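Engineer: Residue 1 is where the sequence shown starts when you use the UniProt record's numbering, and the numbers rise one by one after that.
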Amino acid sequence: MTTATLSRWDRFRESFLWYSFKRDKVAIASFVVLVLMVLAAIFAPLLAPADPYDLAQINIMNSELPPVGLDGSDSAFPLGTDAQGRDLLSTILYGTRVSLLIGFGAVLLQAALGILFGLLAGYLGGRVDSILMRIADVQLSFSTLMVAIIVGAVFKASFGNLMFGEIAIYMLIFIIGVSEWPQIARTVRASVLAEKKKEYVDAAKVMGFRTGRIMFRHILPNTLSPIFVIATVQIANAIISEAALSFLGLGMPETQPSLGSLIKSGFDYIQSGSWWITLIPGLVLVVLVLVINLLGDWLRDVMNPRLYKG
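1. Which two residues bound the contiguous alpha helix (DSSP H) that contains residue 278?
2. Please go through the same chain and pick out, in chain order, the residues whose beta-carbon is closer than 8 Å to the beta-carbon of residue 19, but skip the five residues on each side of it.
3. Out of curiosity, what's the CA-to-CA distance linking residue 324 and residue 200?
4. From residue 70 to residue 153, what does the alpha carbon distance come to, in whole angstroms?
5. Can you find the residues in the same chain that come closer than 7 Å, C-beta to C-beta, to residue 93, ignoring five residues on each side of it along the sequence?
6. Leaving aside the five residues before and after residue 290 along the sequence, list all residues of the same chain whose C-beta is less than 6 Å from its C-beta, in chain order.
7. Among 288, 86 and 212, which one has its Cα closest to the Cα of residue 240?
8. With a cut-off of 8 Å, do at least 3 Cβ pairs link the segment 257 to 265 to the segment 231 to 246?
9. Return the first residue and the last residue of the alpha helix (DSSP H) that residue 23 is part of.
10. What is the rounded straight-line gap between the Cα of residue 101 and the Cα of residue 300?
11. Are there 16 or more other CB atoms within 10 angstroms of the CB of residue 121, so buried, or fewer, so exposed?
12. Curious, which full-length alpha helix (DSSP H) runs of at least 4 residues does the segment 124 to 157 contain?
13. Where do the ends of the alpha helix (DSSP H) carrying residue 240 lie?
14. Could you check what DSSP says for residue 212 in three-state terms: helix, strand or coil?
15. What does the Cβ neighbour count give for residue 252, buried or exposed, with the cut at 16 atoms within 10 Å?
16. Roughly how many whole angstroms lie between the Cα atoms of residue 106 and residue 281?
17. For residue 255, name the three-state secondary structure that DSSP assigns.
18. Could you round the C-beta distance between residue 235 and residue 83 to whole angstroms and report it? I think they count as a contact, below 8 Å.
19. What are the boundary residues of the alpha helix (DSSP H) that includes residue 46?
20. By the three-class DSSP mapping on this structure, what secondary structure does residue 202 have?
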């Protein structure tokens, strides 16, 4: 490890962010749980007892087996099986990876669009600001889920079920990402309006720097704090949106399980007694969203001196 790396780590350990984090037990617990879930999702092929995508490993005769500890369970399936005979633990691990991929991918797309449009609107102002913010206002007047349902239904009708299943993950990232960019754009715009009046921006203009360099290399780094807070919360919202769309039949197909599609696939079997097919993935989804929201709340409080009570 280099001296420069050590010095950066030492500065981080002495920073207010690290000080507040190590004193907040809820933030630490949430972070640990989130890291464990992310690692489990990343290494799903190594941790999962079976591959839910491999039809050769699926036996329909093993369908709807209960979790270990209940009558009729099989020790080979710790969390039981679903209606197709797939190992529920394996499908949850793979499904969590799909949900996290959609959540992070959608937020990256939101951030890219929101930062670009927010910088342009705040720094250039005038007609550019009016046009971009009116577009954002129109989009915000519709609920995100409604926009996602309309766009998802159009894509599914256009490509068909088979083709949509192959590109579903990319479509969901696109649909959720495009639906949520106005929130980040408005936040960035507000920060840029405050930053562009400061002396370092005037100095950059006097030195002859181009507009793009001033926006992205000087103003943008000073607007990142609220973006991190919003992005953290938006990851949870994107995961929930994916689950809702999958539950409505406009998300991931059952052949490519996500947490939402797993909940949907077991919903019809609750009354027949196979409650674990829906309940266990539902609990995993609740825990995942909860820890992300708790970390987002902690970041919001720490990065806003007016709210922080530490």
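Each residue gets a CB set at the ideal place from its N, CA and C atoms; glycine is no exception.
As the structure is a prediction and not an experimental result, all values here were calculated from the model.
Structural biologist: Looking at the atomic coordinates:
1. 276 to 303
2. none
3. No information on residue 324 is available, as it lies outside the stretch 1 to 310 that the chain covers here.
4. Cα to Cα, the separation comes out at about 40 Å.
5. 40, 41, 44, 47 and 48
6. none
7. 288
8. yes
9. Annotation for residue 23: no alpha helix (DSSP H) segment contains it, and DSSP assigns it neither H nor E.
10. 24 Å
11. buried
12. 126 to 140
13. That run of the alpha helix (DSSP H) goes 224 to 247.
14. Residue 212: helix per DSSP, three-state reduction.
15. buried
16. 21 Å
17. coil
18. Between residue 83 and residue 235 the Cβ distance is about 30 Å, and since that is not below 8 Å, they are no contact.
19. 44 to 47
20. In the three-state scheme derived from DSSP, where H, G and I count as helix and E and B as strand, residue 202 is classed as helix.
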